[in-house]
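Asks:
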Amino acid sequence: MPPVEGETREPSDEAEAVAPPVAPASDADHLDGHEPEEDAEEADFSWLDEDLPPEDDETVPTDVERIEPSFDEPAAATPLAPPAARPTIDPDAGFRLRQAPAPAAPAEPVRAPWLLRLREGLSRSSNQLSGSIGSIFTARKLDEETLQDFEDVLIRADLGLETALRITDRLSEGRFGRTVSGAEVRGILAQEVEKTLTAVAVPLELDLEKKPHVILVVGVNGTGKTTTIGKLAAKLTRAGLKVTLCAGDTFRAAAVEQLNIWGERTGSEVVAKAIGADAAGLAYEAYDRAIENDSDVLIIDTAGRLQNKTELMAELEKIVRVLQKREPDAPHTVLQTLDATTGQNALQQVEIFRNVAGVNGLVMTKLDGTARGGILVAIAAKHKLPVYFIGVGEGIDDLEPFRAKDFADAIAGTTADA
Numbered sequence: 011m012p013p014v015e016g017e018t019r020e021p022s023d024e025a026e027a028v029a030p031p032v033a034p035a036s037d038a039d040h041l042d043g044h045e046p047e048e049d050a051e052e053a054d055f056s057w058l059d060e061d062l063p064p065e066d067d068e069t070v071p072t073d074v075e076r077i078e079p080s081f082d083e084p085a086a087a088t089p090l091a092p093p094a095a096r097p098t099i100d101p102d103a104g105f106r107l108r109q110a111p112a113p114a115a116p117a118e119p120v121r122a123p124w125l126l127r128l129r130e131g132l133s134r135s136s137n138q139l140s141g142s143i144g145s146i147f148t149a150r151k152l153d154e155e156t157l158q159d160f161e162d163v164l165i166r167a168d169l170g171l172e173t174a175l176r177i178t179d180r181l182s183e184g185r186f187g188r189t190v191s192g193a194e195v196r197g198i199l200a201q202e203v204e205k206t207l208t209a210v211a212v213p214l215e216l217d218l219e220k221k222p223h224v225i226l227v228v229g230v231n232g233t234g235k236t237t238t239i240g241k242l243a244a245k246l247t248r249a250g251l252k253v254t255l256c257a258g259d260t261f262r263a264a265a266v267e268q269l270n271i272w273g274e275r276t277g278s279e280v281v282a283k284a285i286g287a288d289a290a291g292l293a294y295e296a297y298d299r300a301i302e303n304d305s306d307v308l309i310i311d312t313a314g315r316l317q318n319k320t321e322l323m324a325e326l327e328k329i330v331r332v333l334q335k336r337e338p339d340a341p342h343t344v345l346q347t348l349d350a351t352t353g354q355n356a357l358q359q360v361e362i363f364r365n366v367a368g369v370n371g372l373v374m375t376k377l378d379g380t381a382r383g384g385i386l387v388a389i390a391a392k393h394k395l396p397v398y399f400i401g402v403g404e405g406i407d408d409l410e411p412f413r414a415k416d417f418a419d420a421i422a423g424t425t426a427d428a
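For the sequence shown, our numbering assigns the number 11 to the initial residue and increments by one for each residue that follows.
1) Specify the secondary structure class of E215 as computed by DSSP and reduced to three states.
2) Quick check on DSSP: helix, strand or coil for L152?
3) Where DSSP assigns a beta bridge to L175, which residues make up the other side?
4) Quick check: the Cα distance between V253 and V402, rounded to an integer number of angstroms?
5) Looking only at its chain, what residues have a beta carbon closer than 7 angstroms to the beta carbon of E325, apart from the 5 residues adjacent to it on each side?
6) Starting from H223, trace the beta strand (DSSP E) in both directions and tell me its first and last residue.
7) For G371, which residues of its own chain have a beta-carbon under 8 angstroms away from its beta-carbon, when the five flanking residues on both sides are left out?
8) So, for A244: in the same chain, excluding its five sequence neighbours on each side, which residues have a beta-carbon less than 6 angstroms away from its beta-carbon?
9) Comparing alpha-carbon positions, which option in R188, E194, A167, L157 lies nearest D179?
10) In the structure shown, what three-state DSSP assignment does L308 receive?
11) May I ask you to report which of helix, strand or coil DSSP gives T236?
12) Helix, strand or coil: which one does DSSP assign to T352?
13) Would N270 pass as a contact of A282 if the rule is Cβ separation under 9 angstroms?
14) For the structure I just gave you, are there three or more beta carbon pairs, one from the region 377 to 386 and one from the region 128 to 135, closer than 8 angstroms?
15) Please confirm whether C256 and L322 have their CB atoms less than 9 angstroms apart.
16) Which residues bound the beta strand (DSSP E) around E410?
17) Would you check if the distance between the CB atom of L386 and the CB atom of L216 is smaller than 9 angstroms?
18) I think G170 touches A414, with their Cβ atoms under 8 angstroms apart; what is that distance to the nearest whole Å?
19) Closest by CA to L333, which one among P222, N303, I285?
20) Exposed or buried, what is L139 when buried is set at 16 or more other beta-carbons lying within 10 Å of its beta-carbon?
21) Taking DSSP's pairing of strands, which residues face M374 in a bridge?
22) Flag this pair as yes or no: are the beta carbons of G229 and K235 separated by less than 9 angstroms?
23) With C-beta atoms as the reference, is A340 less than 9 angstroms away from M374?
24) Note down, in chain order, each residue of its chain lying with its Cβ closer than 6 angstroms to the Cβ of L246, except the 5 sequence neighbours on either side.
25) Measure the alpha-carbon distance for D304 versus A296 and round it to whole angstroms.
26) Kindly identify the DSSP beta-bridge partner or partners of V253.
27) Would A265 and A193 qualify as a contact pair, given that the criterion is a beta-carbon distance under 9 angstroms?
28) Excluding five sequence neighbours on each side, which residues of the same chain lie with their C-beta closer than 6 angstroms to the C-beta of G423?
29) Under 9 angstroms between the Cβ atoms of E327 and A356?
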């Protein structure tokens, strides 16, 4: 029956069942210029987005129960030792601490043996001597002219006239008129130098029956007094002795600062005053302080002074007098530091400081890098003062007891058993 106008009929289930599916528009429809008809209502395809990840501005629900995979966690390793407390590092420090246990500290670099370092330090002196000896004693018989040339070489090497004459006399014995090798000459040189130095190569003796043993260190400017004091303090404290240091160079702030650093490194108390303070009064106070501390040794630094400055040398005399008021035998040791690079001028320095301050022991510094190491032989021959230590570097272990044979072999360029 035809539909009545204005009446809406619902499609029957039968009609829906037999209705053929609508075929999608083909490319041919577009080619014919016909556009597909749009549905009255836009199709809902939101279900396609259900499995897509959320956009950046979307928030993942937090109330959704997450199912974590179940795996057996490995057992935590038992630490070998309780971890040490870790320091708090500022985030702006530019570094951070690793969470893993710190590796063992690397081994300290192996230092060359002392004799090797001594040979390296005296290499300029040795090379100059060896070169001159080689040029003189090459296919040439020993005669007066040869001996004179050799004597000049020894004097230029700062060995001194007395030592030079003794070496040339020894060389001429039984060898005059025959050819002498350079090796033979160097051997004689080493033997004669060792003879001169053996008498002065003695250890520093400390009298702890009269504590504190007072060591006064003197010398001209730039000879390494303060550095020598620091190295000596390191040796003494390593041996178990208690040391007090006195910053008696009251003219230089750098000297006081340097001595304070050595005091920290060696665990020694440093007695100091403001720049310009009276050095003699400071030495007196330092002695009392050393007694209070039950120190074994008191080492007193002094300002560098030229041997021709009368007023400064008088101040050094005052320090000695003030110490002797406190202890008649003080200072027990007066060490003079000598710069090997000064050459023959060191001879005059020893003479003047010996008369003013009663120098009774020497320390030769800066033997490394100089061709004038022979001056130590000349000083030993003339003044016959003990040479306690020599220095061939700036390191804390570069101050070593003086050994005559080691020095003689090094400066002559011979082996230890030659």
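Here a beta-carbon is modelled for each residue, glycine too, at the ideal position from N, C-alpha and C.
Keep in mind the model is a prediction, meaning the values are calculated, not measured.
Replies: Straight from the coordinates:
1) Here residue 215 corresponds to residue number 205 of the sequence shown, with the count starting at 1. Reduced to three states, the DSSP call for E215 is coil.
2) Looking up residue 152 in the sequence shown gives position 142. The three-state secondary structure of L152, taken from DSSP, is coil.
3) On the sequence shown, position 165 is the one that residue 175 refers to. Note: L175 sits in no beta bridge, so no partner.
4) Position 243 of the sequence shown, counted from the start, is the residue given in the question as residue 253. Position 392 of the sequence shown, counted from the start, is the residue given in the question as residue 402. Rounded to the nearest angstrom, the two C-alpha atoms are 24 angstroms apart.
5) Counted from its first residue, the sequence shown places residue 325 at position 315. Excluding positions up to five away in sequence, the list reads A289.
6) Numbered from its first residue, the sequence shown carries residue 223 at position 213. Following the DSSP letters along the chain, one finds H223 inside the beta strand (DSSP E) bounded by residues 223 to 228.
7) Counted from its first residue, the sequence shown places residue 371 at position 361. The beta carbon of G371 sits closer than 8 angstroms to the beta carbons of L214, T343, V344, L345, Q346, L395, P396, V397, Y398 from its chain, once the five residues preceding and following it are set aside; these are given in chain order.
8) Start at 1 with the first residue of the sequence shown, and residue 244 comes out as number 234. Within the same chain, A244 has close Cβ partners T276, I406.
9) Within the sequence shown, numbered from 1, the residue matching residue 179 stands at position 169. Scanning R188, E194, A167, L157 for the CA closest to the CA of D179 turns up L157.
10) Numbered from 1 along the sequence shown, position 298 holds the residue referred to as residue 308. Strand.
11) Mapped onto the sequence shown, residue 236 falls at position 226. Helix at T236.
12) Counting from 1 along the sequence shown, the entry for residue 352 is found at position 342. If DSSP states are grouped into helix, strand and coil, T352 belongs with the helices.
13) Against the sequence shown, residue 270 aligns to sequence position 260. Against the sequence shown, residue 282 aligns to sequence position 272. Against a cut-off of 9 angstroms, the Cβ pair of A282 and N270 comes out as a contact.
14) Using a Cβ-Cβ distance cut-off of 8 angstroms, the region 377 to 386 and the region 128 to 135 are in contact, since at least three pairs of beta carbons, one from each stretch, lie closer than that value.
15) The sequence position of residue 256 within the sequence shown is 246, counting from 1. The sequence position of residue 322 within the sequence shown is 312, counting from 1. No.
16) By one-based count along the sequence shown, residue 410 stands at place 400. Secondary structure note for E410: its beta strand (DSSP E) is the uninterrupted segment 409 to 411.
17) By 1-based counting over the sequence shown, the position of residue 386 is 376. By 1-based counting over the sequence shown, the position of residue 216 is 206. Result no, Cβ atoms of L386 and L216 do not sit closer than 9 angstroms.
18) Position 160 of the sequence shown, counted from the start, is the residue given in the question as residue 170. Position 404 of the sequence shown, counted from the start, is the residue given in the question as residue 414. Taking C-beta atoms under 8 angstroms as the contact rule, G170 and A414 fail to qualify, at a distance of about 16 angstroms.
19) For the purposes of this step, residue 333 is identified with residue 323 of the sequence shown, where counting begins at 1. Cα-wise, what sits closest to L333 is P222.
20) Here residue 139 is taken as the residue at index 129 of the sequence shown, counted from 1. Here L139 is buried, its C-beta having at least 16 other C-beta atoms within 10 Å.
21) Residue mapping note: residue 374 aligns to position 364 of the sequence shown, counting from 1. Looking at the DSSP assignment, M374 forms a beta bridge with L348, I400.
22) Walking along the sequence shown from the start, residue 229 turns up at place 219. Walking along the sequence shown from the start, residue 235 turns up at place 225. For G229 and K235, yes; Cβs fall inside 9 angstroms.
23) As a position in the sequence shown, residue 340 is number 330, starting the count at 1. As a position in the sequence shown, residue 374 is number 364, starting the count at 1. Not closer than 9 angstroms, so no.
24) The sequence position of residue 246 within the sequence shown is 236, counting from 1. Within its own chain, the residues whose Cβ lies closer than 6 angstroms to the Cβ of L246, once the five positions on either side in sequence are excluded, are V253, V307, listed in chain order.
25) Residue mapping note: residue 304 aligns to position 294 of the sequence shown, counting from 1. Residue mapping note: residue 296 aligns to position 286 of the sequence shown, counting from 1. Inter-residue distance for D304 and A296 is about 12 angstroms (C-alpha atoms, whole angstroms).
26) For the purposes of this step, residue 253 is taken as the residue at position 243 of the sequence shown. V253 is bridged to V307.
27) Here residue 265 corresponds to residue number 255 of the sequence shown, with the count starting at 1. Here residue 193 corresponds to residue number 183 of the sequence shown, with the count starting at 1. With contacts defined by Cβ atoms closer than 9 angstroms, A265 and A193 do not form a contacting pair.
28) Against the sequence shown, residue 423 aligns to sequence position 413. Close CB contacts of G423 within its chain, under the 6 angstroms cut and outside five residues either way in sequence, are with S136, S140, R196 (chain order).
29) Residue 327 sits at position 317 when you count from the first residue of the sequence shown. Residue 356 sits at position 346 when you count from the first residue of the sequence shown. Pairing E327 with A356 gives a Cβ-Cβ distance that is not under 9 angstroms.
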